[in-house]
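Visitor: Here our numbering is used: the first residue of the sequence shown is 469, the next is one more, and so on. Glycine is no exception: its CB is placed at the ideal position from the N, C-alpha and C atoms. Keep in mind that this is a model prediction, so the values were computed, not measured.
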Amino acid sequence: MDALRGALAQRLARRVCKVCSTPVDGVPGDEQEARLEKTYGIKQTVRAHGCEACGQTGYRGRCPIIEVAVVTPAIVQLIQSAAGTRELAAAARAAGMRPMRDVAADYVRAGLTTLEEIDRALGESAQAAAPEAAAETETAPHILLVDDDVVIRKTARKLLENQGFVVVEAADGDAALKRLQTDDSVDMMVLDLGLPKLGGREVLRAVRKDAKTAGLPVVVLTGETEERLESQLMDEGADDYINKPIDPKRFVARVKAALRRAAS
Ligand SMILES: [Zn+2]
Numbered sequence: 469m470d471a472l473r474g475a476l477a478q479r480l481a482r483r484v485c486k487v488c489s490t491p492v493d494g495v496p497g498d499e500q501e502a503r504l505e506k507t508y509g510i511k512q513t514v515r516a517h518g519c520e521a522c523g524q525t526g527y528r529g530r531c532p533i534i535e536v537a538v539v540t541p542a543i544v545q546l547i548q549s550a551a552g553t554r555e556l557a558a559a560a561r562a563a564g565m566r567p568m569r570d571v572a573a574d575y576v577r578a579g580l581t582t583l584e585e586i587d588r589a590l591g592e593s594a595q596a597a598a599p600e601a602a603a604e605t606e607t608a609p610h611i612l613l614v615d616d617d618v619v620i621r622k623t624a625r626k627l628l629e630n631q632g633f634v635v636v637e638a639a640d641g642d643a644a645l646k647r648l649q650t651d652d653s654v655d656m657m658v659l660d661l662g663l664p665k666l667g668g669r670e671v672l673r674a675v676r677k678d679a680k681t682a683g684l685p686v687v688v689l690t691g692e693t694e695e696r697l698e699s700q701l702m703d704e705g706a707d708d709y710i711n712k713p714i715d716p717k718r719f720v721a722r723v724k725a726a727l728r729r730a731a732s
């Protein structure tokens, strides 16, 4: 059973909102869509927008992208002999496993989700994508960084500033909401979940409820890896989430991707 668990991988892609999504006419909507069509080798079939039903996110519900390896005796033997990941993956594929990328592509073909969303969920092309988002725009994006942990704020600030972003900080949820009310220059928020006073989820809820900030991209920082939490966060309007401890490359790529999606 442990071996089987080890051979299962899952990511959650959000499902497009049935109320406001529209079919695609066959022409890529923008450069990013064209790039994703090329990366994944499939055409976009549906586009996400945003309405009241989906909290302006364009998505509601989810499609699990699951990769299950059929654990054959040959695979058990490989696991017992502590074979490398590549060897195991090859054996699993030979036994009929479908890679997550293929499963995700099916969801796009069926019009259940978008290329942007599977790209977010799988995080594949994010790192190779788009040169410097900050350098392209006239003014560098402002990022509100909300975390009660000084060390994490320091680390994240450094990473973001290295990318040319302007960083403002808040140490708790109240301060974050106050900042958003008074500062119009904030382009996105990186939000820790476990905040004192007002928790991260409450902050997210308040941000989505307020017309002024409803469209603000929010990337959530979480220490938990619980899959149910991930889907809850996405339902509540998080644009993405990043597990702590922060992996620098991944963190920067995901922040950039969220900004790029918000701009398109
Ligand atoms: Zn909607």
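Between residue 729 and residue 642, what straight-line distance do the alpha-carbon atoms span, to the nearest angstrom?
Guide: As a working note, residue 729 is residue 261 in the sequence shown. As a working note, residue 642 is residue 174 in the sequence shown. Taking the straight line from one Cα to the other gives about 27 angstroms.
Visitor: If we call anything under 7 angstroms between Cβ atoms a contact, is residue 446 one with residue 559?
Guide: Because the chain spans 469 through 732 in this model, residue 446 falls outside it and cannot be assessed.
Visitor: Beta-carbon distances below 5 angstroms to any heavy atom of ligand 1 define the shell here; list its residues in chain order, please.
Guide: Cβ atoms closer than 5 angstroms to ligand 1 belong to 485, 487, 488, 519, 521, 522.
Visitor: Ignore the nearest five residues each way along the sequence and tell me which others in residue 480's own chain have a CB closer than 8 angstroms to its CB.
Guide: Taking the sequence shown and counting its residues from 1, one reaches residue 480 at position 12. For residue 480, where only same-chain residues beyond five positions count, the Cβ hits under 8 angstroms are 530, 531, 532, 533, 589, 695, 698, 699, 702.
Visitor: Can you tell me whether residue 436 is buried or exposed? The criterion is at least 16 other CB atoms within 10 Å of its CB, across all chains shown.
Guide: No answer is possible for residue 436: it lies beyond the span of the chain, which begins at 469 and ends at 732.
Visitor: For residue 526 versus residue 516, is the C-beta distance shorter than 7 angstroms?
Guide: Sequence index remark: in the sequence shown, residue 526 carries index 58 (1-based). Sequence index remark: in the sequence shown, residue 516 carries index 48 (1-based). Taking 7 angstroms as the Cβ cut-off, residue 526 and residue 516 qualify as a contacting pair.
Visitor: Is residue 706 near residue 688, with beta carbons less than 7 angstroms apart?
Guide: As a position in the sequence shown, residue 706 is number 238, starting the count at 1. As a position in the sequence shown, residue 688 is number 220, starting the count at 1. Their beta carbons are under 7 angstroms apart, which means residue 706 touches residue 688 by this criterion.
Visitor: Roughly how many whole angstroms lie between the Cα atoms of residue 604 and residue 650?
Guide: Indexing the sequence shown from 1 puts residue 604 at position 136. Indexing the sequence shown from 1 puts residue 650 at position 182. With a pLDDT of only 45 at residue 604, under 50, the local geometry of the prediction cannot be trusted, and the value read off the model is given with reservation. Approximately 26 angstroms, taken between the alpha carbons.
Visitor: How big is the Cα-Cα spacing for residue 579 and residue 682?
Guide: As a position in the sequence shown, residue 579 is number 111, starting the count at 1. As a position in the sequence shown, residue 682 is number 214, starting the count at 1. Computed Cα separation, rounded: 26 angstroms.
Visitor: Alpha carbon to alpha carbon, what distance is there between residue 489 and residue 520?
Guide: Within the sequence shown, the letter at position 52 stands for residue 520. Within the sequence shown, the letter at position 21 stands for residue 489. Taking the straight line joining both Cα atoms gives about 12 angstroms.
Visitor: Does DSSP put residue 541 in a helix, in a strand, or in coil?
Guide: As a position in the sequence shown, residue 541 is number 73, starting the count at 1. Helix, per DSSP.
Visitor: In or out: residue 715 buried (at least 16 other Cβ within 10 Å) or exposed?
Guide: Walking along the sequence shown from the start, residue 715 turns up at place 247. Exposed.
Visitor: Please report how far the alpha carbon of residue 632 lies from the alpha carbon of residue 686, in whole angstroms.
Guide: Translated into positions along the sequence shown, residue 632 becomes position 164. Translated into positions along the sequence shown, residue 686 becomes position 218. Rounded to whole angstroms, residue 632 to residue 686 spans 19 angstroms at the Cα level.
Visitor: Under three-state DSSP, which class holds residue 720?
Guide: Position 252 of the sequence shown, counting from 1, holds the residue named residue 720. If DSSP states are grouped into helix, strand and coil, residue 720 belongs with the helices.
Visitor: What's the gap between the Cα of residue 595 and the Cα of residue 609?
Guide: Along the sequence shown, read from residue 1 onward, the residue named residue 595 stands at position 127. Along the sequence shown, read from residue 1 onward, the residue named residue 609 stands at position 141. Residue confidence is low: residue 595 scores 44 on pLDDT, short of 50, so the model does not pin down where it sits. No coordinate-derived value is stated.
Visitor: Could you check whether residue 640 and residue 665 sit closer than 7 angstroms to each other, using their CB atoms as the reference points?
Guide: Working through the sequence shown from its first residue, we reach residue 665 at position 197. Working through the sequence shown from its first residue, we reach residue 640 at position 172. The answer is yes: Cβ separation under 7 angstroms.
Visitor: Look at the alpha carbon of residue 494 and the alpha carbon of residue 731, and state the distance between them as a whole number of angstroms.
Guide: Here residue 494 refers to the residue found at position 26 when the sequence shown is read from its first residue. Here residue 731 refers to the residue found at position 263 when the sequence shown is read from its first residue. Answer to the nearest angstrom: the Cα atoms are 21 angstroms apart.
Visitor: Where does residue 520 sit, in a helix, a strand or coil, going by DSSP?
Guide: Here residue 520 refers to the residue found at position 52 when the sequence shown is read from its first residue. The answer is coil: DSSP assigns residue 520 none of H, G, I, E or B.
Visitor: CA-CA distance, residue 574 and residue 646?
Guide: The residue you call residue 574 lines up with position 106 of the sequence shown. The residue you call residue 646 lines up with position 178 of the sequence shown. The alpha-carbon atoms of residue 574 and residue 646 are separated by roughly 43 angstroms.
Visitor: If residue 668 and residue 660 are in contact, beta carbons under 8 angstroms, what's the gap, nearest whole angstrom?
Guide: Stepping through the sequence shown from its first residue, residue 668 is reached at position 200. Stepping through the sequence shown from its first residue, residue 660 is reached at position 192. Rounded, the Cβ-Cβ distance is 6 angstroms, consistent with contact.
Visitor: Please report how far the alpha carbon of residue 504 lies from the alpha carbon of residue 584, in whole angstroms.
Guide: Along the sequence shown, read from residue 1 onward, the residue named residue 504 stands at position 36. Along the sequence shown, read from residue 1 onward, the residue named residue 584 stands at position 116. Each residue's Cα considered, the two are about 7 angstroms apart.
Visitor: Within the stretch 555-582, note down every full alpha helix (DSSP H) run reaching 4 residues or more, in order along the chain.
Guide: DSSP runs (the alpha helix (DSSP H)) wholly in the stretch 555-582: 568-577.
Visitor: Residue 619 and residue 663 look like a contact to me (Cβ under 8 angstroms); what is the Cβ gap, rounded to whole Å?
Guide: In the sequence shown, the residue the question calls residue 619 occupies position 151. In the sequence shown, the residue the question calls residue 663 occupies position 195. About 15 angstroms separates the two Cβ atoms, so there is no contact after all.
Visitor: Does DSSP put residue 649 in a helix, a strand or coil?
Guide: Here the question's residue 649 lines up with position 181 in the sequence shown. The answer is helix: DSSP assigns residue 649 an H, G or I state.
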